[in-house]
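Q: Before anything else, here's the structure in question.
In the numbering used here, the protein residues as written are 773 to 890.
Structural data, given as structure tokens:
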């Protein structure tokens, strides 16, 4: 089963969900805030993509952190702790399909290519 991870009120997540729905692609949506996020899930995401890719340093959540807190995120352990504490700091959406690499972010062309290869 394809799973789309994110936060339901995120505009980019809404676009990705709409794209999947319009094409009749069966998937499950996992909202970090509603359905949760645990260390094992995050470890799997980091193993697949790297902590640097997952950490959204362009978003509001990151910009609201003070400089000392941002500077402390210097490796996977610190990034994991921050992402578990503040799931909204994770770049989204994250698309996971069995036997396929994870796809982070959304673009129409990126999703078209991803699903044409299935």
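Glycine included, each C-beta is placed from N, C-alpha and C at the ideal position.
Could you tell me the distance, in whole angstroms, from the CA atom of residue 836 to the CA atom of residue 800?
A: Rounded to whole angstroms, residue 836 to residue 800 spans 31 Å at the Cα level.
Q: Thinking residue 775 and residue 802 are a contact (beta carbons under 8 Å), I'd like their distance in whole angstroms, please.
A: Confirmed, about 6 Å.
Q: Check for me: the beta strand (DSSP E) holding residue 803 runs from which residue to which?
A: Element bounds for residue 803: 799-803.
Q: Would you tell me roughly how many angstroms separate the C-alpha atoms of residue 822 and residue 807, rounded to the nearest one?
A: Distance between the alpha carbons of residue 822 and residue 807: 22 Å.
Q: Got a sec? Which residues, its chain only, sit under 7 Å from residue 854 by beta carbon, not counting five neighbours each side?
A: Answer for residue 854: 845, 861, listed in chain order.
Q: Among 831, 795, 886, 867, which residue has its Cα nearest to the Cα of residue 778?
A: Considering only alpha carbons, the answer is 867.
Q: In terms of residue numbering, what span does the alpha helix (DSSP H) encompassing residue 820 cover?
A: Counting along the chain, the alpha helix (DSSP H) containing residue 820 begins and ends at 811-821.
Q: Where does the unbroken alpha helix (DSSP H) through residue 776 begin, and where does it stop?
A: Segment 774-778 is the beta strand (DSSP E) holding residue 776; no alpha helix (DSSP H) there.
Q: Does the Cβ of residue 873 have 16 or more other Cβ atoms within 10 Å, making it buried, or fewer, making it exposed?
A: Exposed, by the Cβ-count rule.
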